[in-house]
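Numbering (the numbering used here), first residue to last: 27 to 292.
For each residue, glycine too, the CB sits at the ideal point set by N, CA and C.
The structure appears right after this line, and notes come after that.
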């Protein structure tokens, strides 16, 4: 699969357009943008891949210096429970990862950017002109600045640890998933229901305007979604995909109208 950086795509579109900017009298388009890849790379990544692999041999999980408490109701027993977990905040992650990445010539860039009605965090790792970058949904743009700042802090930590392959939390997500209430900590856990990443992927499927757009997004992103989302989140996206696929093949049987393999139904 060939990934195209959004800047390159914008430049290509500008070359074909009669004008690079709309006239002041024209209204700004309010139509939702076409789905784009959540993961993009430079045309070549051979040097980057070698550098990242070498860095990952030296990277260690960051020290977990923060503690959060979670209160909730057990889905199995119906009883209240309270537990705590330790985690590394974004400062801990950067303090641990930066020296190793810099040693191997890898730089980190994290920039929030609006996409449609969502604020996205674009995280890029670069090495000798080669790079890989990914999007992580932060929150709705309508959120107030305090909510956006809190969500951005969480997103920076989550996106960076996922890209460099380290763990910033205790492996206790299964226990915390038992209907937790709001943690007693400034950095909040993911809410119940589909995560922001799952919701974003589902929205991209809903916004696809042609069968080609729909099929391209799903075929290019399903493996990444399968690996990065929880089982419940991935099942939610698959359910949306199966439902939305019927828009492009209303007369066909449900199984024939979905551009996915049998494993996606699991």
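Per DSSP, the continuous beta strand (DSSP E) segment holding residue 153 begins and ends at 144-153. In the structure shown, the three-state DSSP call for residue 117 is helix. Residue pairing by DSSP places residue 157 opposite 152 in a beta bridge.
Annotation: residue 163 to residue 243 spans about 16 Å, alpha carbon to alpha carbon. Counting every other CB atom within 10 Å of its CB across the protein chains shown gives residue 183 a total of 16 or more, marking it as buried.
When C-alpha distances from residue 95 are compared across 110, 85, 101 and 264, the shortest belongs to 110.
Residue 186 sits in a helix when the DSSP states are folded into three classes.
Exposure of residue 79 is indicated by the presence of fewer than 16 other C-beta atoms within 10 angstroms of its C-beta.
One alpha carbon belongs to residue 258, the other to residue 190, and they sit about 24 Å apart. Between residue 89 and residue 118, the beta carbon gap of about 6 Å places them in contact (Cβ cut-off 8 Å). Per DSSP, residue 221 lies in no alpha helix (DSSP H) segment and is marked neither H nor E. Residues 87 and 187 of the same chain have their beta carbon placed closer than 8 Å to that of residue 193, with the five preceding and five following residues left out of the count.
Annotated as distal: residue 77 and residue 160, with beta-carbon spacing of 8 Å or more. DSSP, read as helix, strand or coil, puts residue 138 in strand.
The beta carbon of residue 221 lies closer than 6 Å to those of 259 in the same chain, with the five residues before and after it left out. Ranked by Cα distance from residue 134, the options 252, 153 and 145 are led by 153. For the pair residue 85 and residue 101, the Cα-to-Cα distance works out to about 37 Å. The alpha carbon of residue 263 has as its nearest neighbour, out of 248, 239 and 233, the alpha carbon of 248.
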